[in-house]
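Report on one structure; see the data block that follows.
There are 4 protein chains.
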Amino acid sequence: LKKVLESGELTQDLEKRLFELASVAKTRSYSPYSKFRVGAAVLAKSGNIWLGCNVESASYGATRCAEQTAFLKAVSDGDNRFIAVGVTTDTDAYISPCGICRQFMVEWGKELLVYNFKPDGSFRKYKLKDLLPDSFGPDDLDRPREGI
Amino acid sequence: LKKVLESGELTQDLEKRLFELASVAKTRSYSPYSKFRVGAAVLAKSGNIWLGCNVESASYGATRCAEQTAFLKAVSDGDNRFIAVGVTTDTDAYISPCGICRQFMVEWGKELLVYNFKPDGSFRKYKLKDLLPDSFGPDDLDRPREGI
Amino acid sequence: LKKVLESGELTQDLEKRLFELASVAKTRSYSPYSKFRVGAAVLAKSGNIWLGCNVESASYGATRCAEQTAFLKAVSDGDNRFIAVGVTTDTDAYISPCGICRQFMVEWGKELLVYNFKPDGSFRKYKLKDLLPDSFGPDDLDRPREGI
Amino acid sequence: LKKVLESGELTQDLEKRLFELASVAKTRSYSPYSKFRVGAAVLAKSGNIWLGCNVESASYGATRCAEQTAFLKAVSDGDNRFIAVGVTTDTDAYISPCGICRQFMVEWGKELLVYNFKPDGSFRKYKLKDLLPDSFGPDDLDRPREGI
Ligand SMILES: [Zn+2]
Ligand SMILES: [Zn+2]
Ligand SMILES: [Zn+2]
Ligand SMILES: [Zn+2]
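Residue numbers (my numbering), protein chains in the order written: chain E, 1184 to 1331; chain W, 1184 to 1331; chain L, 1184 to 1331; chain C, 1184 to 1331.
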């Protein structure tokens, strides 16, 4: 992990582990409405890996994504410095986090590595800042306001 | 726990434990915007108790409540039959789950016991069905549609 | 309208109008995922009636309900004192606002009349405070906090 | 407007109008919690310009952004092909739509022009596809699923 923290890159072993755990997480998906299962695994600087799945609601607006679930687990357990998140679905495509999740995750930094895994383990890799460029973030709320 | 499951009521010991764990969960709150800390603890039929705190976002709409966090933890770990949820804040009042959380939780049944704990441990108790009467739920989406 | 404002009750004519306009609003629903069309009409104290439909998102969590749409229209046009909201769907049932909408609407008062209309115009009538008892609201955020 | 539709670019006059209307929309903001006022104006291919402001909720998760309000107005009135959206706040910065809004808006196409206006009318301009690269969208939900 030390090497990972220094280089800012995951080892192949860790990438494989992230994929496997995201795939496990996917099996717990509660998605009776979309039938679209998503799993996520988040690697924290502590070395912990947190799993999450999407959890849907009959009122669609209360649906929570896999990435949010994984981050909520970590943060609510006091683990809040992150290295990488991996996401996987049942489709043969590199499915990327939705905009809600990108916004939700940016709260903890823009350098996060984001892996979009196909079910076969192949992936595309991003940094969160590239998925949510010129993001709206915590700093913006602190800016001085004009005329009010 | 067997007695609890049969009677549908918590013992005083369990109520106390739910309060204590919700209070622990509260200390992990990430609420830089509202400064309003909330903790939740969910007792599942498995006997597990899951903790959650509120986690806010600079884009307020991505804020997730303590109850959602606790339920997401449970569901994403395969635990999805629930007995009771306890909620507590830093205010000397019986703060009740918001409507989003009531809707989110109703996905797993309306008989859920809901405890609103003051910081001193005193509480008000409800059933979820009384907090969200005539709820919109999973069944509604399955109803036949007219004229389309 | 004066009589309505004094009595706190709608006339039969107004109830019929609310139903008809909610039905019109329903035809504009953007609901490719659920195929569950919802229409809402909100009567403001100004006499205006604002129409809204549900608008869904591929990321289900960004889905917005008909009631939210109608209220957003009103509030963003400076109209923010409300008498009644009517909701209708394509199902032969009295479909009630979801918990998210109840929470969203409570921001403007608990005395709001809520009509759940079947497609034939028959209805059930509530007050919002009865659909979201012991609600979490604006006042709660202003309460003094203990120990922080 | 014909020229605009052909070139895919706004005239300076239209840009100025978008800014002015977003500024008007901002004055209707309901933001008692963040005190962060946001206004949006959406130009549709019909020639209509729709105004929206942010509308907050005591339960932060039910907060709706200015861009969502403006799009909801348009869509619920049957206007659903868009050219450009302009956003403005009270801060001396080019504030960009949050991830939720980027996701919400992508439902109607990625070529949308996005203007982030400072209060003095100066702006940065994007295409939505550049603000939400590799977006999760309607097509993804239609992909074939493996193994289920
Ligand atoms: Zn997401
Ligand atoms: Zn809540
Ligand atoms: Zn709703
Ligand atoms: Zn937004």
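Ideal Cβ positions, reconstructed from N, Cα and C, are used throughout, including at glycine.
query	result
Selected residue, minimal CA-CA separation from D1275(C), among L1324(E), G1269(E), Y1216(E)	L1324(E)
Paired residues, beta bridge with L1234(C) - DSSP	A1224(C)
Proximity test, I1283(C) beta-carbon vs ligand 1 heavy atom, cut-off 7 Å	no
Chain W contacts from the region 1236-1250 of chain C (Cβ-Cβ distance under 9 Å)	N1237, E1239, S1240, A1241, S1242, Y1243, G1244, A1245, T1246, R1247, C1248
Residue-chain proximity (K1256(W), chain E), Cβ-Cβ < 8 Å	yes
C-beta atoms of L1295(W) and M1288(W) nearer than 8 Å	yes
Interface flag, P1327(L) vs chain C, CB-CB below 8 Å	no
Euclidean distance between Cα positions of I1278(E) and K1301(E)	8 Å
Cβ-heavy atom distance, P1302(C) to ligand 2, below 7 Å	no
Cβ-Cβ distance between Y1309(E) and A1267(E) below 8 Å	no
C1248(W) Cβ short of 7 Å to ligand 1 heavy atom set	no
Residue closest to D1273(L), alpha-carbon to alpha-carbon, out of P1321(L), S1206(L), G1261(L), G1191(L)	S1206(L)
The region 1247-1254 of chain C contacting the region 1194-1201 of chain C, beta-carbon criterion three pairs below 8 Å	no
Status (buried if at least 16 other CB within 10 Å, exposed otherwise) for G1235(C)	buried
Interfacial residues, the region 1205-1228 of chain E to chain L, with Cβ spacing under 8 Å	Y1216, S1217
Residues that DSSP places opposite G1244(W) in a beta bridge	Paired residue(s): none; G1244(W) is not in a bridge.
Range of the contiguous alpha helix (DSSP H) that encloses A1276(W)	First-last for A1276(W): undefined, no H or E at that position.
Ligand 4 heavy atom lying under 7 Å from the CB of S1242(W)	yes
Neighbour-count burial assignment, E1290(C), 16 or more Cβ in a 10 Å radius	buried
Assigned secondary structure, L1315(L) (DSSP; H/G/I helix, E/B strand, else coil)	coil
Limits of the unbroken beta strand (DSSP E) element including L1296(E)	1296-1300
Option nearest D1303(C) by Cα separation, candidates Q1286(C), C1281(C), N1231(C), T1271(C)	T1271(C)
Reference G1230(C); option with closest CA among R1328(C), L1184(C), S1305(C), I1283(C)	L1184(C)
N- and C-terminal bounds of the beta strand (DSSP E) containing F1306(E)	1306-1310
Residues near N1237(W) by beta carbon distance below 6 Å, same chain, minus five either side	S1212, S1214, V1221, C1248, A1249
8 Å Cβ cutoff, G1191(E) in contact with chain L	no
Minimum Cβ-Cβ distance from G1261(C) to chain W less than 8 Å	no
Near-chain W residues of the region 1295-1329 of chain E (beta-carbon distance less than 7 Å), N- to C-terminal order	F1319, G1320, P1321, D1323, L1324
Endpoints, alpha helix (DSSP H) assigned at T1252(W)	1249-1259
Check whether S1318(L) and G1282(E) have beta carbons under 8 Å apart	no
Endpoints, the alpha helix (DSSP H) within which D1262(L) is located	Looking at the DSSP string, D1262(L) is not in any alpha helix (DSSP H), and its letter there is neither H nor E.
K1211(W), DSSP secondary structure in three states	Reading off the sequence, residue 1211(W) comes out as Arg, not Lys. Coil, per DSSP.
P1280(C): CB within 7 Å of a non-hydrogen atom of ligand 4	yes
Min CB distance G1282(L) to chain W below 8 Å	yes
Inter-residue spacing [alpha-carbon to alpha-carbon] between T1210(E) and K1186(W)	32 Å
K1228(E) CB to nearest heavy atom of ligand 5 below 7 Å	Absent from the structure shown: ligand 5. Ligands present: ligand 1, ligand 2, ligand 3 and ligand 4.
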